[in-house]
Amino acid sequence: MTTKALMPQWKALNQPAESNQGRLLGALLTTFDSPDAGVLIESYLPGWLGLEGICVDEGGDRLRYFAELEDALRRLKGRIVIISSPGTAHISADGWIWNYIRRYEVGAERQATQHAKLWMFHRAATQADGAETLEIVVSSANLTRDGLRGQIQSAWRCVVPLDATGADARARSWGCLPSFLAALGQSAGMDRQQGIEPWQALLRRCVCPVGVDFVGSVPGSHSADTLGRRETAWGAVGLRMLWTNATGRQLAIVAPTIGQWTRAGFSQWAETAGVSPKRLSLGWIRSEHPWAWRNGWTLDASSEAALSDAGVRWREVPVPTDDEEWQSPFCAEHPKRDLRWSHAKLYLLRAGQSRKMLVTSANLSQAAWGKPSGDHGLKIRNFELGVAFSTADSFSDRLHDNAYTRHTCEVPYEQDEELPIAWLGAEWDGNVLRIVCRTRDELSGQVEIAAARDTRLHRCDVDWNPGESAQATIAWPAASQPAPLAVHVKTTNGAPRTVTVLDTRSGEDGDFLCSEFDESLLSDALDDLLEERYGYQPLGGHGGTVRKGPPPADGPPPAGTYAVPAWLDARRRFLLIDNWFKALVEADEQARPFILDDGKRIQRRWMVAAETISDQSIASAARIAAEELEMRIRKYS
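Take the sequence shown: its position 261, counting from 1, is numbered 261 in full-length UniProt numbering, and each next residue is one higher.
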């Protein structure tokens, strides 16, 4: 089978693929920086969840949006997972979403940096006889405001159909990806059955696109035996395995960060990657380039000299201008005078007629690709992931060969030291809050807990068990306490760490957690949305309450009043019942309990309307419809 060579396109990253519009069943997302709850709410979740509304600044539409958003997240509770690098969780007014989204950090067992940018979306079939789909996105984008709007990103995306059953051969077609997921989940301290294993199972139900290879990095010291296996060929060894020819190899790289190198160290790394330093070119910027002003691109002078001495060929990334002759190095559709700086990491492998593009999260650093060790091993610090494919176009063709003074700067290289509280996790089952902490320091006997719809911090005394993996439990019954959202822990020396709480209860538990609006307003807005979702359009207003104004367009009102005729209101309510029941019967196992709850919620609303609407004819219509809906609920239950 021939492999199609891909061309670059200029597209938004925060929308699902056009061929993957089914209902979201789950998502796995990785990021380096801590995910920004506000950006998720405003820009990512609406598209991923297929919401009808958009996040606006104020007014009734904003209320409806948050009601719809929280309802959608509740239906997917625990099925959206985000894994990031260690860091402090910033608790804000938007922090309520972490009650529904599982958020993890790597480093549960040992030091690790999560730098990969992998998104996986499992979606339902769009037709009764269709297949579920798995969408995979590998990019350079973090789940932050800069990642979405402030930077230029590179990304690769595929959508593959899922078979009903799994097979080991299909899993093997994905190369290192299943092993990468296993290592990532273990480092994040995830429960295997509810964490990574479901995503590995999905890879057993689909085949990797032809001509596509994954290249990953996993923290740790890896032996030559481990690196010699395709499924665990991490770092520079995985890069070496992409070459198809033994001769004529050329590697071109554009990446915003070049790590700390010596001439000997870089030459050894290049040998591990299967290319001579003299056959390697780097796209870089001059000091006058706007990307230099934004401190986005970093290279220290010593490393620049080391790479030059090793024989690396420097090529210039052109400065963006309005000149008609200017060409973007990335894509013909890239608008001129784009003020954002490039966060893309691109590696072009050429050998003979072969051209492979590697889209990855990995900068040109030993932390990302590994430091060669004795006996052909590698020591790697970061989780990284990339995907390679044949390309008919490349950035390398649009770089300049002229001599120029390269931009360099002072780089405060991170010390290879962990925070005093190296890793922190917390989970709550509705009764007990369990805290786990990896630290060598003594911990304070008091922790602070941030809870939903509560501006106070709850201070609780705890008894830590001794050891590097310290644990503590706190009685926190849901019947008397608001849902905990975050836990703040300190050492006795005052070193702090905050982590969000994993709520392990089912999605049916709990009330509205969004603190921006009163719960009753959110509840009413959701009721309106549910009625609209199943096809009921009350001309009389909320719950059938008579609306003042001109008569309805689809029927004359009774003499002397503008009230909607009872028969018309009843017909519309029964239309909702039919639509709801059809959706219930056709739903999959995951959606069915929530659709059943929708019916119960609407039934309760209509019974209240029957008791409160002043127009007795419409009240009777609401009561009759509520009784019919209750009968169908009982029949199906």
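C-beta: ideal position from N, C-alpha, C; glycine also. These numbers come from a predicted model, not from an experiment.
- In the three-state reduction of the DSSP assignment, Tyr100 falls in the coil class, being assigned neither a helical nor a strand state.
- Exclusion of the five residues before and after Gln260 leaves Ser303 and Tyr413 as the residues of its chain whose Cβ lies within less than 6 Å of its Cβ.
- Annotated as distal: Arg205 and Asp168, with beta-carbon spacing of 8 Å or more.
- Contact between the region 357 to 370 and the region 33 to 52 is absent: fewer than three C-beta pairs spanning the two stretches fall below 8 Å.
- Here the region 213 to 227 makes contact with the region 384 to 394; the two share three or more CB pairs at distances below 8 Å.
- The residue from Val585, Leu521, Val608 and Ile624 with its alpha-carbon nearest to that of Asp61 is Leu521.
- Comparing C-alpha distances from Val159 to each of Gln153, Gln151, Arg172 and His122 shows the shortest one belongs to His122.
- Listed in chain order, the beta strand (DSSP E) runs fully inside the region 242 to 292 are 249 to 254 and 280 to 284, counting runs of at least 3 residues.
- For Ala171, the enclosing alpha helix (DSSP H) stretches over residues Asp168 to Arg172.
- A distance below 6 Å between beta-carbons, with the five flanking residues on each side excluded, links Val319 to the following residues of its chain, in chain order: His289.
- Beta-bridge partners assigned by DSSP to Gly386: Val215 and Thr360.
- For His376, the closest alpha carbon among the candidates His488, Ala450, Leu348 and Gly274 is that of Gly274.
- The DSSP-derived three-state label of Gly38 is helix.
- Note on Cys409: under 16 other CB atoms within 10 angstroms of its CB, so exposed under the neighbour-count rule.
- In this structure, Trp369 keeps its C-beta atom at 8 Å or more from the C-beta atom of Leu282.
- Looking at the DSSP output, Met120 sits in a beta bridge with Leu28 and Ile136.
- Two segments are said to touch when three or more pairs of C-beta atoms, one from each, lie closer than 8 Å; by this definition the region 338 to 345 does not touch the region 194 to 204.
- Contact between Ala351 and Asn493 is ruled out by a C-beta separation of about 55 Å, above the 8 Å threshold.
- Counting along the chain, no beta strand (DSSP E) covers Ile54, and no H or E run does either.
- Here Arg79 really is in contact with Leu25; their C-beta atoms are around 7 Å apart, less than 8 Å.
- With 16 or more other Cβ atoms inside 10 Å of its own Cβ, Thr498 counts as buried.
- Within the same chain, and ignoring the five residues on either side of Ala626 in sequence, the residues whose Cβ sits closer than 7 Å to its Cβ are Gln603, Trp606, Met607 and Ala610.
- The shortest C-alpha to C-alpha distance from Thr257 to any of Gln327, Arg170 and Lys345 is the one to Lys345.
- Within the same chain, Gly53 and Cys55 come within 6 Å of Tyr65 by CB-CB distance, once the 5 residues on both sides are set aside.
- Judged by pairs of C-beta atoms under 8 Å, the region 567 to 587 touches the region 615 to 630, as three or more such pairs exist.
- In this structure, the beta-carbon distance from Gly425 to Gly185 does not fall below 8 Å.
- Comparing alpha-carbon positions, the option among Thr113, Gly467, Gln268 and Glu70 lying closest to Asp94 turns out to be Glu70.
- By the neighbour-count criterion, in which a residue is buried when 16 or more other Cβ atoms sit within 10 angstroms of its Cβ, His90 is exposed.
- Judged by DSSP in its simplified three-state form, Trp156 adopts strand.
- Across the structure, Thr439 and Glu18 are spaced so that their CA atoms are roughly 46 Å apart.
- The continuous stretches of beta strand (DSSP E) do not include Arg230, and DSSP gives it neither H nor E.
- DSSP places Lys600 in the uninterrupted alpha helix (DSSP H) bounded by Arg592 to Thr612.
- Residue environment: Ser287 is assigned as exposed (fewer than 16 neighbouring CB atoms within 10 Å of its CB, all protein chains considered).
- Within the DSSP bridge table, the entry for Lys490 names Pro496 as partners.
- Boundaries of the alpha helix (DSSP H) harbouring Leu521: Glu519 to Arg533, taken from the DSSP string.
- No Cβ-Cβ contact shorter than 8 Å links Pro16 with Phe330.
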